[in-house]
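**Student:**
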Amino acid sequence: MYRIVFTKQATRVLRKMSRNTAQLIQEKLEQVAQDPYSRNPNLTKLRGRSGYRLRVGDWRVIYELEDDQLRILVLKIGPRGGVYQ
Numbered sequence: 004m005y006r007i008v009f010t011k012q013a014t015r016v017l018r019k020m021s022r023n024t025a026q027l028i029q030e031k032l033e034q035v036a037q038d039p040y041s042r043n044p045n046l047t048k049l050r051g052r053s054g055y056r057l058r059v060g061d062w063r064v065i066y067e068l069e070d071d072q073l074r075i076l077v078l079k080i081g082p083r084g085g086v087y088q
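Structure follows, in structure tokens:
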């Protein structure tokens, strides 16, 4: 199982959002941590840069897999439109 590590920016956003949404995002990330390469329609490899996108409702989670350390580094969490910038 992969460990989930959040950047400071991602942690800040997670703390500011509603408790229900934050809990849902964490649950989805834990599912990804069980098997990060499983087929999931809400997971997409990013084009033009490294990393992956997890879709949770109207929120997007941008993360990178660090296979050598067995961890998921959550880079950004944000609403659907602006998280990719």
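Numbering of the sequence shown is given in our numbering, commencing with residue 4 and proceeding in unit increments.
Just so you know, even glycine gets a beta-carbon here, dropped at the ideal spot from N, CA and C.
1) Starting from the Cα of GLN29, find the closest Cα among PRO44, LYS48 and PHE9 and give me that residue.
2) Looking at C-beta atoms only, is the number of pairs between the stretch 45-58 and the stretch 11-19 that lie closer than 8 Å three or more?
3) Going by Cα to Cα distance, which pick from GLU67, LEU27, ILE7 and LYS11 is closest to GLY60?
4) Go ahead and pull the three-state DSSP assignment for THR47.
5) Buried or exposed, going by whether 16 or more other CB atoms sit within 10 Å of the CB of LYS19?
**Tutor:** The relevant details are as follows:
1) Counted from its first residue, the sequence shown places residue 29 at position 26. Selected option, being the one with the closest Cα: PHE9.
2) no
3) Sequence index remark: in the sequence shown, residue 60 carries index 57 (1-based). Nearest option by C-alpha distance: LEU27.
4) If you number the sequence shown from 1, residue 47 lands on position 44. If DSSP states are grouped into helix, strand and coil, THR47 belongs with the strands.
5) The residue labelled residue 19 in the question sits at position 16 within the sequence shown. Under this definition LYS19 is an exposed residue.
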